[in-house]
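Trainee:
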Amino acid sequence: MSVFLQAVEGGSLSAASRKLDMPLATVSRKLSDLEGHLKARLLNRSTRRLTLTDAGRDYLVACKRILEDVDDAERSAAGEFSEPRGDLVVTAPIVFGRLHVLPVITEFLTVYPQVDVRLVLGDRIVHLQEEHVDVAVRVGALPDSRLVATRLGTTARVVCASPDYLAARGLPAAPSDLAGHHCITFDAMGSTDSWSFLVDGAEVRVPVHSRLGVNTAEAAIDAAIARAGVTRVLSYQIREALGRGQLQTILRDFESAPLPVSLVHAGQRRLALKLRMFLDFATPRLRERLAEIP
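According to this note's numbering, the residues represented by the sequence shown are 19 to 312, in order.
Right, here's the structure in full:
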């Protein structure tokens, strides 16, 4: 059943082979054995993709339910529902994770000594179930999915530069003034050739000249501190630099709508106690931290 489920979710036998770390021939044989046992064809195979037969669609629903029951039984036997213990994997954006999630986790470890946490920091969207992640901090609108989300707050997209750069190049009074400035663009913030602003209540895209493009917020912030130009990041990412006077924000009256920050998990029918305790512990603390960010 697990092989069948991985083949369907991965879209191919080779994807299931990689996911399960199982030889491709073994994957193919197990699926053939399963169809032989059921005396029914579950999958239509082609060189490009797999498609479910009618019998396969019905069997897939039953497999998911049965495998969830097996997982629940194993976790219950291991004591995950009776006391908070075991391994917990948390993922978060790099800067937010370092500044805000890590301090919460270190405090959580003190309170719950039987739980071990692995924190994975990265600015890409992680597929929780495929990558065996228990809970994630997400910044931005959440697509419709089976994930359960808890809103923590919001964060603003801000434009900033070093005071020395602004003294030399002038302070932009309106988004259109960015045409005369060097800009440092950050891949995760969307387009590298235009930035969106609210002008007279309407969202307007303003062209920018990217003198430097980077793939992490930390690099964009470091470049801005080094007077390379104007950059656009999230407000929590520059809090330290603002406090030290290394950066100053500009065009605050034209900021686009703030982005939601959420804590998401897969929403199993029965949450392991370690996950439930972490959600209860982290949610109010992260909300408090976000509320303190200007």
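By construction, the Cβ of each residue, glycine as well, lies at the ideal position given by its N, Cα and C atoms.
Assuming Val26 and Leu56 form a contact by the criterion Cβ under 8 angstroms, report the distance between their Cβ atoms to the nearest whole angstrom.
Mentor: Actually they are not in contact, since the Cβ atoms of Val26 and Leu56 sit about 15 angstroms apart, beyond 8 angstroms.
Trainee: Residues in its own chain within less than 6 angstroms of Glu273 by CB, not counting five upstream and five downstream?
Mentor: The answer, listed in chain order, is Ala174.
Trainee: Which one of Arg142, Gln24, Ala34 and Leu146 has the shortest CA to CA distance from Pro111?
Mentor: Measuring from the Cα of Pro111, the nearest candidate turns out to be Arg142.
Trainee: In chain order, what residues of the same chain lie with their CB nearer than 6 angstroms to the CB of Trp213, ignoring the 5 residues before and after it?
Mentor: Around Trp213: Val224, Val226 and Arg250.
Trainee: Ignoring anything shorter than 4 residues or poking outside the region 170 to 203, list the alpha helix (DSSP H) runs there in chain order.
Mentor: If we require 4 residues or more, the alpha helix (DSSP H) runs fully inside the region 170 to 203 come out as 181 to 187.
Trainee: Could you tell me whether the Cβ atoms of Gly263 and Pro190 are closer together than 8 angstroms?
Mentor: No, the pair does not count as a contact, with Cβ atoms beyond the cut-off.
Trainee: Under 8 angstroms Cβ to Cβ from Ile311, same chain only, skipping five residues before and after it: list those, please.
Mentor: Same-chain partners within the cutoff: Thr173, Ser253, Tyr254 and Arg257.
Trainee: Could you tell me how far apart the beta carbons of Gln24 and Leu38 are, in whole angstroms, since I believe they sit closer than 8 angstroms?
Mentor: About 6 angstroms; that satisfies the 8 angstroms criterion.
Trainee: Quick one: measure Cβ to Cβ for Val155 and Glu236, integer angstroms, because I've assumed they're closer than 8 angstroms.
Mentor: Rounded, the Cβ-Cβ distance is 17 angstroms, inconsistent with contact.
Trainee: When you compare only the Cα positions, how much space is there between Val21 and Leu49?
Mentor: Their backbone Cα atoms lie some 7 angstroms apart in a straight line.
Trainee: Distance, Cα to Cα, His150 vs Tyr77?
Mentor: Cα to Cα, His150 sits roughly 24 angstroms from Tyr77.
Trainee: Could you work out which residue in Leu60, Ser64, Gly29 and Thr109 is closest to Val282 when comparing CA atoms only?
Mentor: Among Leu60, Ser64, Gly29 and Thr109, the Cα nearest to that of Val282 is on Thr109.
Trainee: Can you tell which of Ala185, Glu92, Val176 and Ala186 has its C-alpha closest to the C-alpha of Pro193?
Mentor: Ranking the options by Cα distance to Pro193, first place goes to Val176.
Trainee: Using a 10 Å radius around the Cβ and a threshold of 16 neighbouring Cβ atoms, would you call Thr203 buried or exposed?
Mentor: Its Cβ being crowded by 16 or more others within 10 Å, Thr203 is buried.
Trainee: Could you give the first and the last residue of the continuous beta strand (DSSP E) run that contains Arg223?
Mentor: Looking at the DSSP string, the run of the beta strand (DSSP E) that includes Arg223 is Ala220 to Pro225.
Trainee: Which residue from Ala197, Tyr183, Val217 and Leu85 puts its Cα closest to that of Asp211?
Mentor: Minimum Cα distance to Asp211 is reached at Ala197.
Trainee: What does the Cβ neighbour count give for Arg169, buried or exposed, with the cut at 16 atoms within 10 Å?
Mentor: Burial call: exposed.
Trainee: Mind reading off the beta-carbon distance from Arg67 to Ser30? Whole number of angstroms is fine, and I expect it under 8 angstroms.
Mentor: About 6 angstroms separates the two Cβ atoms, so the contact holds.
Trainee: Would you identify the three-state DSSP class for Thr128, choosing helix, strand or coil?
Mentor: Helix, per DSSP.
Trainee: Where DSSP assigns a beta bridge to Gly104, which residues make up the other side?
Mentor: For Gly104, which the question treats as bridged, DSSP gives the partners Val133.
Trainee: Where Leu52 and Val279 are concerned, what is the direct C-alpha to C-alpha distance, given to the nearest angstrom?
Mentor: Cα to Cα, Leu52 sits roughly 44 angstroms from Val279.
Trainee: Closest by CA to Val153, which one among Phe299, Leu277 and Ala309?
Mentor: Looking at the Cα atoms, Phe299 is the closest of the given residues.
Trainee: As a quick exercise: from Leu139, Leu265 and Ser163, pick the residue whose alpha carbon is nearest that of Leu234.
Mentor: Checking the sequence, you will find Thr at residue 234 rather than Leu. Nearest C-alpha to Thr234: Leu139.
Trainee: Please report how far the alpha carbon of Leu291 lies from the alpha carbon of Arg103, in whole angstroms.
Mentor: Spanning the two alpha carbons is a distance of roughly 8 angstroms.
Trainee: With distances taken from CA atoms, which of Ile239, Glu101, Gly115 and Val144 is nearest Val129?
Mentor: Considering only alpha carbons, the answer is Glu101.
Trainee: Under three-state DSSP, which class holds Leu160?
Mentor: Note: Leu160 maps to coil in three-state DSSP.
Trainee: Below 8 angstroms CB to CB, which residues in the same chain sit around Val144 once its five sequence neighbours on both sides are set aside?
Mentor: Thr109, Val138, Val151 and Ala154.
Trainee: If you drop the 5 nearest sequence neighbours on each side, which residues of the same chain put their C-beta closer than 8 angstroms to that of Ser228?
Mentor: Same-chain partners within the cutoff: Cys201, Ile202, Thr203, Thr210 and Asp211.
Trainee: Quick one, are the C-beta atoms of Ile123 and Val107 less than 8 angstroms apart?
Mentor: No. Outside cutoff.
Trainee: For the candidate residues Thr44, Met40 and Cys81, whose alpha-carbon lies nearest to that of Leu60?
Mentor: Of the listed residues, the one whose Cα sits closest to Leu60 is Cys81.
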